[in-house]
Structures are given as structure tokens and as C-alpha cells.
Amino acid sequence: MKTTKAGSMKFENQWDDAAAAHCMAQAGDDPADRQLALRVYTSRLIGQNPDLVMHGGGNTSVKLTRRDLYGNEVRVLHVKGSGWDLGDIEAPGLPGVLLDPLLELRALDALSDEEMVNQQRRNLLDSSAPNPSVETLLHANLPHVFVDHTHATPFLALANLPDLDAALREIFGDRLAVVPYILPGFGLAKAAAEVFETNPQVEGLLLKNHGHFAFGATARESYDRIIAHTNEVCDWLARRRGPLKPAAAVARGPEPQEILPVLRGLVGDVMAAHQSNPDAAMPVLDLRDGAEVRDFLASRDLADLSRRGVATPDHVLRTKRFPLLLTRDVLASGRAALAGAVETFLQDYRAYFDRNAPRFGGAKTLVSPHPCVAWMEGLGLAGIGATAKAASAAADLAEQTLEVMREGEAAGGFRPIGEADTFDAEYWSLEQAKLGKGVPPVLTGRVVLITGGAGAIGRACAAAFAAQGAQVFLVDREAAALDEALAALGPWHGGAAMDITEPGAAAEALARCVRRFGGIDILLSNAGAATSGDMAGLDEAVLRQSFELNFFAHNAFARAATGVMRAQGRGGQILFNISKQAVNPGRNFGAYGLPKAATFFLLRQLALELGPDGIRVNGVNADRIRSGLLTGDFIAERAEARGTDPDSYMAGNLLGREVEARHVAKAFTDLATSERTTGHVMTVDGGNIEAALR
Ligand SMILES: [Zn+2]
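Those letters in the sequence shown? Residues 818 to 1511, by the working numbering.
In C-alpha cells:
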């Protein structure tokens, strides 16, 4: 998600009469449904701009009148439900809650989050609807028909200024009022209502250290105010922005692809220790090293800024309070220095937990104490998460935070909530209740690089690994086929088009995989191609060419992957696609079998040599799989040579059934999850005693 510099941005008002009318028309004749359709329309306008809301950090609502089962008129609040994103929300993402029972809650002195959720749920019109937002009561307590809430980048800069009141008066006069910082929930909803009732003329509210609310009688009025207010803050910030302090000239340091695997391994150690599982998965890293990020991380007093905190409380769940700071000195000093920085972060995080948890009398459970964001001075930042999606969200929020800091520091200072308030947000009881629920797929967080990834077997393997939670990086020579394979695989995977027999290709592919995901856990060295011809008549150049693809490329990828796995220091795996031909020669297939036999030997040699690093090396011996190697014409030709038809030829094994690419993929994922198996070759050929391994 790309954000823009807050001070330089201008938010365009995207309201379109025709589009709004179209949404209403599609909703039918019910006036309530038509209002809800407009609510969906402007929610999307807001949600599609990451500088307004990001990763669930905003919500919207509308108050309507509907008829209940008995024909009585009831007042209903439709408010954003959890699990929905404003950018692509639909009507079911704004569950309806009876408004009057929500308003009655205000008479209470206190209400626990659990009881608040319970009250919201028991007043839902549809009992199967998602949980209404934690900010539901705040929306309910405001009298306006439409209410919109954002965590816009400029507003976060404003909301964390030390002299917020003066700034707000200067920008808005009395059109916006400030609500003091309170953790979202019942208390904040009550405080916001009181502030509004003291200042009934306001067009919106600024929640200190948190974000912006605007409201209006119509969808358009509320949306117009969101955009206009945000632009007013932009203009004010722009007038205060000084020139960037120039970066000190420094000698060229390491490249991100040298740092990320080491960092990934060290964070993996922390996660494994927290889970008491030495085979635990590692995190995925999402690198952001655009010019603006690098400039910021090269030109500032990072030690000070890295200890300020989060721009808005809900960021803490994805970013933790502070990033892991890796200074130039640390980055240039190698693994031990990086390990020292991670250890310091860890001790610091545990101390923070130990200082704050006793306030809750043992009711809080320590979350995995690993950093969720790393600042690498002058190099860029990395989001760190259990999946590529989580890492990307952490990186998005970290990038936004740099913008908030840049603007805030220029306009007076970035002074977010302190330690106790941050802890309360991070260890919020409803989040704690989610801990340990649900078991993620077995290969979650593992990065798998597959060569020949756009071919039949490559694609089947990619799908099989992705289905088990892995992040897949495909390498293939055919760019168009690669794009198609990636599109079929869905989001959060990656790839590179290249000829893997070119010198340097393996190192380049690994570097790109590292830049995408932070490292590699499993190399599936799959690419291959067969040439036919009898040995006596074979041109030696053809044989050498076959060795380039069917042996040397396997070796080069194994070597490059081993380098990254050793930098991570947490084991790894290499999987080879061998061939029946490596052990059981087929007539006219010498040029294919010879390098495959060498690759078979390479597998055993590597298993021997890489065992001490915890790197397992295994392979699959497959035979007669329909693929680029074995096409329809070729199958027909072979079948005829054996005096049979193509289907019988393909099923010519002990089981009498054709072996498909998905069966090969299953063998690879089985080997990948067999934690104590190395040096093994699994045969997937439907049974062929002549080719059986001894
Ligand atoms: Zn909020």
C-alpha cells in the first residue's frame, strides 16, 4: 500500500452524483436500504485511500428507521463490522444494531469490553452478522445520521502534537473539538458524547493520539467534511514543513538482502523460543526501501524517534510500541552485533510486560516478544509478521508512522500515548482472548522457491505448498506463463522470470526472493528438460547443454539457497526433482539421465554435508507425468512404439493408474513436512519394479 507525503498531499473529493444515484437505484425502493447503499458508497470512497484509513483503522455508520417483525418502527444503527475492510465493504459488512438499547447503556458508570460486545451482539438485527466495531457506542452516542471515522496520516500528525489545542483552534476555530485520549470502548464513547454536547456546533471531533471523526445529516455532508478537514490539516502542516536535514555522507553499507536473512533467523529464534518449539516457522519480512523511507532513516536522530511510540493505538497490535533499531554500526558489524540488538529488544520488551502486566493481576499473557518492525539506518525498514500479509500490514503502518513523525516533528513534535496506555491497547482483553485460538496451516510462514514454477509440476507444487500456508516464489523462463501461474496462485506470492542456466541466475533469484520475503526455507529445484538421441550419435554440445539445466542449475540454486539458509541459521530444506531416468535408463534418454544421475548423487552429497546445518535434502523420482517434457504428441509416439494406446501407456505401472502432477506435489509437501528425513528419494511412478531404488 503506497502512502504519500502527508504535507504534500491533497485529498480529492471523489463524490460523484451519478455513482451515488446508481448505488441507491441498485438498493431498491426501501428508503432505509437506499440510505445504507449511500453509506456503503462513501465508506468505499474513504476506504480506498490508504492515507485516510489502513488495515481496518477506520469505521463508518448510518442511523436509520426500519420496521421490525411486528410492523413497529425501530431505530437502527448500521456500523462497520469486524473482518470487513472499508475499501470493498458491502451492506452485510455494516450490521444493523437496535439503536435505543445502545443509547441506554450510557447511564452506566462502567461497562467491560466483553459485556459491551455482548450488548452489541444481542441487539443485532441479524444474529449471524459480524461483531459491530469496538467504536459502535461512540457512533451511537452522536446524534448525526452519518458518522465517519478515519486515521488519516495528516490527522495522526496533528493528533500527536504537544500543543494540540492551539493547533486545532488555529486550523478549525470552533468547528472541531478535542476528545482526550481514552482507549476505544465504553469510556471513550461516553467522553466523546460529552465533548460533543458541550460543543454542539462542531462538524467533527479530533480524538487525541488517535484520529478524526466527522459527521453530517447526509452521506455527502459527512464525506465532504472528512475530505475538507483533512485537506485543511494538510495545508497547515505544509506551511510548517522545513527542509529535510541532509543525510550525512556515509560509506556504502551492506545491502538489504545481506541483512534480511540474518534478521529473519534471529527473529525466528525468538519466535521458536516463545513457542517452545525448535522446528517453529520463521517470520516473513516485508522490505520497504523506497527513497523517502531511506532518506528518513538516514537523516534523523533514530535512537530518539524509535522510542516515541505508535501514531494511533490500534497500530500496536501489528507493529508493537517500538521498532527494532539497527544502526549503521550494527548493520556493518555482522551477525553478533545484530543478535545483540535483537536480544536488547527482547529484554526491553519483557521488562515492559513485567512492569505493566501486574496492574491486571496475572490476567495478561505475554505475546511473542519478537519485533514487528525493524528500522535499518539508511537502508530501509522491514515489516515482520507470521505471514506475508501480516508483514505487509506491519510495513504499511510503519511507513505511515514515518510520515506522521516527519510531519509532526516539523509542526511541533510527535508525542504519542505513553507506556501504560500502549500496554492497555496491546493487551486489550478482546485481543488476548484470541490468543492460541485456531491452528495455522503447517507451512505458514515458510518461504518456498520453485524453479520451473510455471510448468505443470511447478504449478501443482506451488498450489500444494500455498495450500499449506507457505509463501511461494516462482522462477521460470517464460514471463507470460509465470504471470499466469502467479495469478492462479493468488496474492502474497512472488516470482522472477529468468533463464536459470545463465551465470549468476541462481544468486539473482535468491536475492529477489530475499527482498520479497526476507529469506528462504525450502528450495524446490524442479526445472528440467529432456533431449532424446542415442549416446553414440549424440552431439557433445547437446549433452553439455543438458548438463547446464539438469545438473549445474540444480547445483547453483542449491549453493545459493544454502548461503541464505546458513545466514538465517535455522536449518532449511532442498528438494530436487530427480527422475526415474537417474536410476533406470530409457532408450535414447542418455542426455537426460546422465545429468539427472549426477543430481541424484548431488542430493546425497548435500544431505551428508548440510546435515550439521540442519538443512535436509530430499527428492522425488517421478515418471510419466503429463508436462512440458511429456506432451500429447510425444505420448502418442511412445505409446505406438510400445504397441499400445496413450491412456494405457500413461497408466502402464503396477497400480494401473496414471500419475499426475498433483501426486508429485503431494510427495514434495510430504517430504517438506517430514522433519527428521534427509537424503531420501520418494518414488512417484505408480509402481515400477525395474526402477525401484535399492
Ligand atoms: Zn479509531
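Cβ coordinates follow ideal geometry from the N, Cα and C atoms, glycine included.
Return yes when at least one heavy atom of ligand 1 lies under 7 Å from the C-beta of residue i, else no.
i: A1001; result: Here residue 1001 turns out to be Pro, not Ala, going by the sequence shown. Answer for P1001: yes, Cβ within range of ligand 1.
i: G1235; result: no
i: G1028; result: yes
i: G874; result: yes
i: H968; result: yes
i: E952; result: yes
Are residue i and residue j close, meaning C-beta to C-beta below 8 Å?
i: S1444; j: L1392; result: no
i: L993; j: E1020; result: yes
i: P1100; j: A1208; result: yes
i: D1338; j: R1383; result: no
i: F828; j: I1044; result: yes
i: A1326; j: V1292; result: yes
i: V1481; j: V1498; result: no
i: L903; j: V951; result: no
i: F1451; j: P1412; result: no
i: T1348; j: S1363; result: yes
i: L1163; j: E1194; result: no
i: R883; j: L916; result: no
i: R1210; j: H872; result: Checking the sequence, you will find Ala at residue 1210 rather than Arg. Against a cut-off of 8 Å, the Cβ pair of H872 and A1210 comes out as a contact.
i: K1025; j: V995; result: yes
i: G898; j: P912; result: yes
i: I1201; j: P1186; result: no
i: G1197; j: L1083; result: no
i: V1331; j: Q1018; result: no
i: A1279; j: A1302; result: yes
i: V1159; j: V1087; result: yes
i: T1136; j: T1204; result: no
i: A874; j: H968; result: The residue you asked about is not Ala; residue 874 is Gly in the sequence shown. Yes, the Cβ-Cβ distance between G874 and H968 is below 8 Å.
Sort out for me which residues DSSP pairs residue i with in a bridge.
i: H1029; result: T967 and L1023
i: N1435; result: L1392
i: I1201; result: L1102
i: A1158; result: For A1158, which the question treats as bridged, DSSP gives no partner whatsoever.
i: M826; result: Partner(s): none; M826 has no beta bridge.
i: T1461; result: Per DSSP, none; premise fails for T1461.
i: A908; result: DSSP output for A908 lists no bridge partner at all.
i: A1314; result: D1293
Which term fits residue i, buried or exposed, when burial requires 16 or more other beta carbons within 10 angstroms of its beta carbon?
i: Q1217; result: buried
i: L1486; result: Per the sequence shown, residue 1486 should be read as Thr rather than Leu. The residue in question, T1486, is buried, as its Cβ has 16 or more Cβ neighbours within 10 Å.
i: M1352; result: exposed
i: G990; result: exposed
i: N1123; result: As written in the sequence, residue 1123 is Ser, which differs from the Asn given in the question. Label assigned to S1123: buried.
i: E987; result: exposed
i: V1265; result: buried
i: S945; result: exposed
i: T1490; result: exposed
i: T1182; result: exposed
i: F963; result: buried
i: L1134; result: buried
i: G1473; result: exposed
i: H1310; result: buried
i: D1440; result: buried
i: P979; result: exposed
i: G824; result: Confidence at G824 is low in this model, with a pLDDT of 49, below 50, so its placement is unreliable and no value can be given for it.
i: P1538; result: Residue 1538 lies beyond the stretch modelled for the chain, which goes from 818 to 1511, so this question has no answer here.
Quick one: measure Cβ to Cβ for residue i and residue j, integer angstroms, because I've assumed they're closer than 8 Å.
i: L881; j: A842; result: Wrong, their Cβ atoms sit about 18 Å apart, outside the cutoff.
i: L954; j: L919; result: 6 Å
i: R1172; j: T1239; result: The pair is not a contact, with the Cβ atoms about 12 Å apart (cut-off 8 Å).
i: A1036; j: R1176; result: No, A1036 and R1176 are not in contact; Cβ-Cβ is about 42 Å, not under 8 Å.
i: L1488; j: N1438; result: The Cβ separation is near 12 Å, so there is no contact.
i: A763; j: L1080; result: With the chain running from 818 to 1511 in the structure shown, residue 763 is simply not present.
i: G775; j: H1091; result: No answer is possible for residue 775: it lies beyond the span of the chain, which begins at 818 and ends at 1511.
i: A835; j: Y858; result: So it is not a contact: roughly 11 Å between Cβ atoms.
i: V1221; j: A1108; result: 18 Å between Cβ atoms; not a contact.
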